[in-house]
Every structure is written in C-alpha cells, then in structure tokens.
Amino acid sequence: MIDKFKYRKSFIVVTGILLVFSLYAFFIQITGGFDKEYNISIGDDYTLSHRFPILLSGLDVDKDSIIQITQLKDSKFNLRRSFQVKTIEKGTASLHLKMFGVVPYKNIKVNVVPQLQVVPGGHSIGVKLNTDGVLVVGLAQITDAAGKSHNLGEASGIRIGDTLIAINNIKVDNAVHVGELIKESNGKELKLTLKRDIKEYTTTLIPIKSAEDQQYRLGLWVRDKTAGVGTMTFYHPETQKFGALGHAITDIDTGKILSIKDGEIIKSRVVSIEPGKRGKPGEIRGVFYDVNEPIGKLEKNTEYGVYGEMLENIGNDYYKRSLPIGYQHEITEGPAYILTTTDANKIEKYAIEILKINHQTKVDGKSMIIKVTDKALLEKTGGIIQGMSGSPIIQNDKIIGAVTHVLINDPTKGYGIFIEWMIEESGIFDKNLKNVVEN
Numbered sequence: 012m013i014d015k016f017k018y019r020k021s022f023i024v025v026t027g028i029l030l031v032f033s034l035y036a037f038f039i040q041i042t043g044g045f046d047k048e049y050n051i052s053i054g055d056d057y058t059l060s061h062r063f064p065i066l067l068s069g070l071d072v073d074k075d076s077i078i079q080i081t082q083l084k085d086s087k088f089n090l091r092r093s094f095q096v097k098t099i100e101k102g103t104a105s106l107h108l109k110m111f112g113v114v115p116y117k118n119i120k121v122n123v124v125p126q127l128q129v130v131p132g133g134h135s136i137g138v139k140l141n142t143d144g145v146l147v148v149g150l151a152q153i154t155d156a157a158g159k160s161h162n163l164g165e166a167s168g169i170r171i172g173d174t175l176i177a178i179n180n181i182k183v184d185n186a187v188h189v190g191e192l193i194k195e196s197n198g199k200e201l202k203l204t205l206k207r208d209i210k211e212y213t214t215t216l217i218p219i220k221s222a223e224d225q226q227y228r229l230g231l232w233v234r235d236k237t238a239g240v241g242t243m244t245f246y247h248p249e250t251q252k253f254g255a256l257g258h259a260i261t262d263i264d265t266g267k268i269l270s271i272k273d274g275e276i277i278k279s280r281v282v283s284i285e286p287g288k289r290g291k292p293g294e295i296r297g298v299f300y301d302v303n304e305p306i307g308k309l310e311k312n313t314e315y316g317v318y319g320e321m322l323e324n325i326g327n328d329y330y331k332r333s334l335p336i337g338y339q340h341e342i343t344e345g346p347a348y349i350l351t352t353t354d355a356n357k358i359e360k361y362a363i364e365i366l367k368i369n370h371q372t373k374v375d376g377k378s379m380i381i382k383v384t385d386k387a388l389l390e391k392t393g394g395i396i397q398g399m400s401g402s403p404i405i406q407n408d409k410i411i412g413a414v415t416h417v418l419i420n421d422p423t424k425g426y427g428i429f430i431e432w433m434i435e436e437s438g439i440f441d442k443n444l445k446n447v448v449e450n
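Just so you know, we're using our numbering here: the sequence shown kicks off at 12 and counts up by one.
Below, the structure is given as structure tokens:
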C-alpha cells in the first residue's frame, strides 16, 4: 500500500509539473514568444496590444521616466490586453510581463528615437566600386620550363573568394599592382596577407616562371573593381547620408560581399528591360552618364545595402518634401506602393501589396513579403527584376522599407527590408544610443 501511495504521489507531482510546463508553453505560443522590440518616435503615442494569460499579468518597467505606460481597460477575461505608451524623451525602456504576476514570459523593449524624415529615392543610379585589396576569383595551373604543373594557390590553402590585401607587407592597390609586385620579386619568396570573411591570414608562395611567356606568376586570377545599376532608397539632407539597393554588392563569380576601399554613385539612365519570368529573374539595363560628376561617395557595402555621402541634393518629382520614416510596428498588411525608374531617368509610382510582415528584433533583409499589383509595371517588367533593388516602399505617406530580392519562382513577389534597418546601417542613428549623428 505504501509503495502504491508513493507511486501515485510521484505520478501526481510529475503530471503537475508537466501540466505547468505545458500551460507555460501554451501561453508563450499564444503571446508570440519572449521578446519584442519597438522603435517609437519622440512625442508619439502607441498602443501595445498582446495576448496575455486570463489572469491579470504583472508589469514592471525599467527607466520609466522616458515613457508613460497606461493599461487600457480590457475585459478581465479577455486574452488580449493593451497598454498605451506615451513617449517623452530619447532612450530605452524595458517592459517585463509576468504570467499571473509571477512567472516572466515576455520582455518588451521600447526604443524612443528622434523623429526622422528623409527624401524618398526611386532614382536609377550607377554604382562604381573599388575593392579593398583584390578579390581572388580563380586559381590557375602554371607550367614551368620542365613541363611540371603547379597550382600554388590551391597548395597553400588560398580559396576563391579570399581577398588579397598585401604582398610583403605592401598594400596592393589593384590587379595591375599585384602583377608588378610579382614581377619585381624575380622568383623570390613572397609573403601574402589575405582575408577570408572577417579573418586575416598569411601564407608564403614562391613565384613560378611560366613556360608560356617566361613571366613569374602565382596562378591567382584577381579582380579589383565592379560596377552595376540599382535604385536609390533615401537621402537625408541634414547629414548628407544616403542608402541604396537594400542588399550587398557581391562578386558575380564568387558570390562574396565585396570589401570596398571607395566608390562612387553616378547618374544612370534606363535603356532597356528584360522582363522577369518564372525561374529566370529579369533585369534593368542602364548606362552611366556624367561619369566625371559623381553625385555621391560610397563608404559602406553591407549585407543590407550600400551607404555613403551625397555630393549634391537630389530631387523627386513625386515628393517636394521629406517624408517621415515608418517603423515596423506602424506597417500593416495591404496596399502600398514603390517608387522606381523603368523608363530613361523618370521615377514612377507603382502599386504593390504587403502580404506578410516578419517582425524583427535584429537586422534582416527579409522583413516583409510584397507583391506587385500594378498592371503597368507587370506589363513592363513582369514584377520585381534586378536593378529595382532599393526601390523605396511607401505606405500611409511614410517610407517603411525597400525592395531587396525577387522570389525566383514567382517574379511578381519579393522581399523588402524595414527602412529602420537601413537608417541604422547608414549611420544617421548611432546604433547604441539611437541619437541623430551630429556633423
């Protein structure tokens, strides 16, 4: 009897623990996970509405001097509860929500940021980029005078996509400079400094005199510059900073993000369009003009766009004034539109629909899924095509994001990035304090 009693007691305890964990997991599921983050402009009011356990949740607020929290009067038995946040000054506040006032289950971070307005883009731009060092795009065999083949790069562990930064501690400027340094070696051992992703490493190679042309070679194919066409996303007149493309410029052969030394933004004119088809992305073809008069300096090539400083003001026929940016909590599924250039250098406005919003607490280029609904744009391009990346997305007279990628199997659909991520990448905001940078 005693053993059966102990067994039943243990069973009840274990069952109770499992039940508690199950309920906890259920509440976490219906409330959308542990953490949320919101950027809210100074002076704005916003209602945070989330699913909560039936019993009243506890709420703790850190640094509540920068915000005021008011719990709206919802039904006691309503799973959805709302809090009104009134922003007072710049800074960050954390809201800690607790199940039944005891068990923590959600943290909400509220960043109170300056009100910000930017000039919307949509302009077709040419991007000229000089790499920091040279990019290794191929490893070649060298045949010496004795007829023996050598692949120096492969033998030393060099990979396609690595960046060659220096030879014998001399920083390389371009592909021609690399050739000169190898020629000057007269076959003596060379120390190469390379970078793979973010890590630097060194290796040594002894050049081989090629039987083909009697020149010393390392068997490395390298590239030092690239150029392409894209779309301007925004321009901030107060700081002269701009953002474009919404994704990185990568090497066509290796797919690696190019590490840049410098670059320029140049005026571009659309000359032809190859419409997109299922399984085959289309393309905007453009030509540069006024190449000796760049409109901007390129400073950063990141996974989430290219950024730099404008050298002249740019206009927009649709907007004679700046527009406020819209943070992710302000975006709704439904109609919106993009600004992009599909004829010569004229910006046009095209209707789209936001199909899905992926709320994010860290930078990601797939913030939302969009669909082109404008018949005129569908007839011209078939949907989203290469060269439209960076086209600003506007909803309720706010810039909320930019086009980044097309869905290969359905060119009418694609991804967009939240504008707040591009603003942070541009340097307009200090990423830690989220203050406007003073120049």
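For each residue, glycine too, the CB sits at the ideal point set by N, CA and C.
Bridge partner(s) assigned by DSSP for residue i
i      : result
Trp232 : Gly149
Thr335 : According to the sequence provided, residue 335 is Pro. The question's Thr does not apply to it. DSSP output for Pro335 lists Gln128 as bridge partner(s).
Ala156 : Ala156 pairs with nothing; no bridge assigned.
Ala413 : Pro403 and Ile428
Asn50  : Asn122
Ile276 : Val138 and Gly307
Pro346 : Glu364
Thr242 : Ser135
Arg296 : Ser283
Ile171 : Per DSSP, none; premise fails for Ile171.
Ile80  : Val96
Asp328 : Beta-bridge pairing links Asp328 to no other residue.
Lys117 : Leu108
Test item: CB-CB of residue i and residue j under 8 Å
i      : j      : result
Lys220 : Thr213 : no
Gly133 : Ser333 : no
Leu150 : Gly164 : yes
Asn50  : Asn122 : yes
Asn312 : Leu269 : yes
Ile325 : Val302 : no
Ile80  : Ile99  : no
Ile381 : Ile404 : yes
Ala387 : Ile365 : no
Ile181 : Leu229 : no
Ile176 : Glu200 : no
Tyr3   : Glu211 : No answer is possible for residue 3: it lies beyond the span of the chain, which begins at 12 and ends at 450.
Met399 : Thr244 : no
Gly287 : Ile153 : no
Asp264 : Leu309 : no
Thr58  : Ser105 : no
Gly337 : Ile439 : no
Ile171 : Val148 : yes
Lys252 : Glu320 : yes
Ser378 : Ile428 : yes
Gly376 : Gly257 : yes
Thr242 : Thr352 : yes
Ile358 : Asp328 : yes
Met317 : Ala222 : Per the sequence shown, residue 317 should be read as Val rather than Met. Against a cut-off of 8 Å, the Cβ pair of Ala222 and Val317 comes out as no contact.
Lys206 : Thr174 : yes
Asp143 : Gln95  : no
Simplified DSSP state of residue i, which is helix, strand or coil
i      : result
Thr392 : helix
Glu285 : strand
Ala362 : strand
Gly290 : coil
Met379 : strand
Leu216 : strand
Glu314 : coil
His161 : strand
Phe440 : strand
Met258 : It is His, not Met, that sits at residue 258 in the sequence shown. His258 falls in the coil class under three-state DSSP.
Ala222 : coil
Val448 : Here the model assigns Val448 a pLDDT of 43, short of 50, so the residue's position is not dependable, and the following value carries that caveat. Val448: coil per DSSP, three-state reduction.
His107 : strand
Phe435 : Contrary to the premise, residue 435 reads as Glu rather than Phe in this sequence. Helix at Glu435.
Pro370 : A small fix is needed here, since residue 370 is His in this sequence, not Pro. Note: His370 maps to coil in three-state DSSP.
Gly102 : strand
Gly319 : strand
Leu192 : helix
Lys199 : coil
Glu249 : coil
Lys386 : helix
Integer Cβ distance of residue i from residue j, believed to fall under 8 Å
i      : j      : result
Asp235 : Ala186 : 5 Å
Arg289 : Pro422 : 7 Å
Ala238 : Leu140 : 7 Å
Lys267 : Leu146 : 7 Å
Heavy atom of the ligand GDP within 7 Å of residue i beta-carbon
i      : result
Asp421 : Because no ligand of any kind appears in the structure shown, any question about the ligand GDP cannot be addressed here.
* To do: Indicate whether the contact test is met: 3 or more Cβ pairs, each with one atom in the region 402 to 415 and one in the region 384 to 394, closer than 8 Å.
  => Taking 8 Å as the limit for Cβ pairs, the verdict is that the region 384 to 394 does not touch the region 402 to 415.
* Asked: Any chance the region 273 to 283 sits against the region 292 to 311, with 3 or more Cβ pairs inside 8 Å?
  -> The region 292 to 311 and the region 273 to 283 touch, with three or more beta-carbon pairs separated by less than 8 Å.
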